[in-house]
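Line by line, the protein sequences give chains D and F. Its first residue numbered 1, the first sequence is counted upward by one per residue in my numbering. Its first residue numbered 1001, the second sequence is counted upward by one per residue in my numbering.
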Amino acid sequence: MRNLIAFLKRFQLFLVFAGLQIIALSLYFTFFSFPRSQYLTTASGITGTIMTVRNDITKQLNLSKTNRTLHQKNVELMKQLPSSFTKIGKNVYKIDDTIYHQQYEYIAGTVINSTVDKANNYFTINIGSEQGVEPGMGVFSDKGIVGVIHNVSPHFSVIKSVLTDNINIDVTIQPIGLFGLLKWDHKDARHGTIAGISNDLKIKKWSKVYTKGGSGIYPRGILVGRVEALESVEGEAFWDVKVLFSEDYRSLQKVYVVKNLLQQEQKDLEALIPKDKEE
Amino acid sequence: MRNLVVHGLRFLFFVFAQTLVFNQLEIGWGIQPMIYPLFILLLPFEIGVIPMLFLAFGMGICIDAMSNTYGLHTSALLMFAYLRPLIFKTFSPRDGYDSLKEGNVYEMGQRWFLYVFGTLLLIHHFWFFMIEIFKFNEIGYILRKLVFSSILSYIFCILFQFIFLKRTKAQ
């Protein structure tokens, strides 16, 4: 016992250091995969408020550009759906039509904090569970996809952006209709890669990449980017397709959160598929 | 008492400067300047290691909470604080440290500052980028980030001292 106390006394510095280091590292590595709580992120009240104030100051810098893209998007939408928009409640838009069943609703939000040059980039937006945002919803902007909601507080949410490891969004390359998974190599905020495309297929440069909408997170056909280059992987029969993102995440301001009204129905149906038995 | 106020204000200054200004700089090539380790360096010479570790932990958590890194800055800053006494001992002046002074560039001189802060900053940045990227086949990318970011952080830290600290004549 005395030996133990002597040992603890001798190494107390290292033990304190190791203890704190373990707390920090376990926070980092668990948070990365499981959104457990919102207290240590910009989704929490205090830091969320600070980021809102900062964004109020800096958003003026991009105001004219943001306005222009919003204006264009409005024109586009009005062309497609004349007088078919009714506004219900705060920031939720619903298409009123008796022929088509409503599947997606959109919630408008503003990015108040973002990074693009880290290994994993998270964006904070100024809407939260009170506006109906839930973890797992898709997020896109006027020009392209943005990411998936990671965790949510009453007034803020954190988006796991396209610029993170393991984002794996299912996309299709048009007009040939190939499917693949979008990944990011954490180096360049303008480019992503699509893995799993067999290299006997010919893909034209600058063909467009859209979301596939398979998992119900995004509607089908939201622009992701364009194919910029095909790189062969050594020793494998796959292309690494380099995609130039259509959205410039460095100046991202206005986003839409996708609310899929039929998500539960799709999940319930897909749960009926018999599981492959691993033998 | 005066020390407490000075270091408290510095704590707030570094947290806000790092999260609201330096984290927002997007210079390219993965460069990411970090100036908050200077806070730990400028703590009094006679401070105990355990209070310093807890200060480092608190500061790291504050910065992590505001930049969505969940413990990455904390881990690197703890490394910095833990190794500070060791590096101080290695580069100790001939007659020890004067407890009335603090470890800034005016009072300890350019050379001492470059050796001590340079070494600690390199360790801090290396640890940070290692944990952040966490792939050994990307070692070249890590080293590139390390070199450019460290140089820029060092320059910003020198600038901070030129702007905010009073120049004292060497005795």
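Yeah, the Cβ is synthetic: ideal placement off N, Cα and C, and Gly gets one too.
Straight-line Cα distance separating residue j from residue i
i                      : j                      : result
residue 248 (chain D)  : residue 1127 (chain F) : 30 Å
residue 1149 (chain F) : residue 1054 (chain F) : 26 Å
residue 115 (chain D)  : residue 1083 (chain F) : 30 Å
residue 1147 (chain F) : residue 1102 (chain F) : 27 Å
residue 1104 (chain F) : residue 1113 (chain F) : 7 Å
residue 66 (chain D)   : residue 242 (chain D)  : 27 Å
residue 136 (chain D)  : residue 105 (chain D)  : 15 Å
residue 1171 (chain F) : residue 58 (chain D)   : Confidence is the limiting factor: at residue 1171 (chain F) the pLDDT is only 44, short of 50, which leaves the residue's position unreliable, though a coordinate-based value still follows. Near 46 Å, if we compare the C-alpha coordinates of residue 58 (chain D) and residue 1171 (chain F).
residue 13 (chain D)   : residue 1035 (chain F) : 25 Å
residue 49 (chain D)   : residue 252 (chain D)  : 19 Å
residue 68 (chain D)   : residue 1162 (chain F) : 43 Å
residue 1107 (chain F) : residue 1041 (chain F) : 13 Å
residue 74 (chain D)   : residue 1155 (chain F) : 47 Å
residue 1074 (chain F) : residue 179 (chain D)  : 41 Å
residue 1100 (chain F) : residue 257 (chain D)  : 57 Å
residue 255 (chain D)  : residue 7 (chain D)    : 56 Å
residue 190 (chain D)  : residue 1051 (chain F) : 43 Å
Among the options, the one whose alpha carbon lies nearest that of residue i
i                      : options                           : result
residue 263 (chain D)  : D:246, D:275 and D:219            : D:219
residue 108 (chain D)  : D:114, D:118, D:117 and D:138     : D:138
residue 244 (chain D)  : D:192, D:120 and D:55             : D:192
residue 27 (chain D)   : F:1155, F:1028 and F:1060         : F:1060
residue 1047 (chain F) : F:1110, F:1007 and F:1161         : F:1007
residue 183 (chain D)  : D:163, D:118 and D:232            : D:163
residue 1167 (chain F) : F:1109, F:1012 and F:1091         : F:1109
residue 181 (chain D)  : D:175, D:194 and D:188            : D:194
residue 31 (chain D)   : D:126, D:158 and D:205            : D:158
residue 1119 (chain F) : F:1137, F:1098, F:1153 and F:1134 : F:1153
residue 1138 (chain F) : D:186, D:73, D:61 and D:150       : D:186
residue 165 (chain D)  : D:12, D:10, D:148 and D:210       : D:148
residue 1057 (chain F) : D:155, D:200 and D:25             : D:25
residue 11 (chain D)   : F:1013, F:1049 and F:1040         : F:1049
residue 153 (chain D)  : D:60, D:267, D:132 and D:64       : D:132
residue 1020 (chain F) : D:260, D:53 and D:223             : D:53
residue 213 (chain D)  : D:161, D:113 and D:177            : D:177
residue 1090 (chain F) : F:1077, F:1106, F:1140 and F:1116 : F:1116
residue 1151 (chain F) : F:1121, F:1141, F:1095 and F:1026 : F:1121
residue 207 (chain D)  : D:18, D:224 and D:198             : D:224
Within chain D, partners of residue i - CB distance below 7 Å
i                      : result
residue 1023 (chain F) : 115
residue 1090 (chain F) : Within 7 Å Cβ-Cβ: nothing; residue 1090 (chain F) doesn't reach chain D, min ~17 Å.
residue 1074 (chain F) : 24
residue 1053 (chain F) : 16, 17 and 20
residue 1078 (chain F) : 17, 20, 21 and 24
Beta-ladder partner(s) of residue i, from DSSP
i                      : result
residue 149 (chain D)  : D:159
residue 239 (chain D)  : D:197 and D:232
residue 108 (chain D)  : D:256
residue 1163 (chain F) : DSSP output for residue 1163 (chain F) lists no bridge partner at all.
residue 246 (chain D)  : Residue 246 (chain D) is not bridged to any residue.
residue 226 (chain D)  : D:208 and D:244
residue 172 (chain D)  : D:179 and D:210
residue 192 (chain D)  : D:243
residue 125 (chain D)  : D:111 and D:157
residue 141 (chain D)  : D:255
Interface residues of chain F facing residue i [CB-CB closer than 7 Å]
i                     : result
residue 47 (chain D)  : 1065 and 1066
residue 119 (chain D) : 1132 and 1133
residue 127 (chain D) : Those within 7 Å of residue 127 (chain D) in chain F number zero; the least Cβ separation is about 17 Å.
residue 8 (chain D)   : Going along chain F, no residue has its Cβ under 7 Å from residue 8 (chain D), so there is no contact; the nearest lies around 13 Å.
Chain-ordered chain F contacts of residue i [CB-CB under 9 Å]
i                     : result
residue 195 (chain D) : Here the premise fails: no neighbours, minimum Cβ distance about 16 Å.
residue 250 (chain D) : 1026
residue 63 (chain D)  : Under the 9 Å cutoff, chain F gives no residues; its nearest Cβ is about 17 Å from residue 63 (chain D).
residue 50 (chain D)  : 1016, 1019, 1020 and 1066
residue 133 (chain D) : Residues of chain F passing the Cβ test: none, with the nearest at roughly 17 Å.
Same chain, Cβ closer than 8 Å to residue i, five either side skipped, listed in chain order
i                      : result
residue 1199 (chain F) : Past the boundaries of the shown model lies residue 1199 (chain F); chain F is included only from 1001 to 1171, so the question cannot be answered.
residue 1144 (chain F) : 1029 and 1030
Within chain D, partners of residue i - CB distance below 8 Å
i                      : result
residue 1050 (chain F) : 12, 13 and 16
residue 1030 (chain F) : 117 and 187
Nonlocal neighbours in the same chain, by C-beta distance under 6 Å from residue i, ignoring five residues either side
i                      : result
residue 83 (chain D)   : Model confidence at residue 83 (chain D) stands at a pLDDT of 46, short of 50, so the residue's coordinates are unreliable and nothing is read from them.
residue 1032 (chain F) : 1149
residue 1062 (chain F) : 1015
residue 1004 (chain F) : none
residue 1067 (chain F) : 1019 and 1023
residue 1097 (chain F) : 1045
residue 231 (chain D)  : 240
residue 216 (chain D)  : 260, 263 and 266
residue 1038 (chain F) : 1157
residue 1087 (chain F) : 1116, 1119 and 1120
Chain-ordered chain F contacts of residue i [CB-CB under 8 Å]
i                     : result
residue 122 (chain D) : 1068
residue 31 (chain D)  : 1070 and 1071
residue 145 (chain D) : By Cβ distance, chain F contributes nothing, its closest Cβ being about 19 Å from residue 145 (chain D), past 8 Å.
Cross-chain neighbours of residue i in chain D, by beta carbon under 9 Å
i                      : result
residue 1136 (chain F) : The contacting residues do not exist; residue 1136 (chain F) stays about 14 Å from chain D at best.
Residues near residue i in its chain [Cβ-Cβ closer than 7 Å; skip 5 each side]
i                      : result
residue 1079 (chain F) : 1123, 1124 and 1127
residue 1085 (chain F) : 1049
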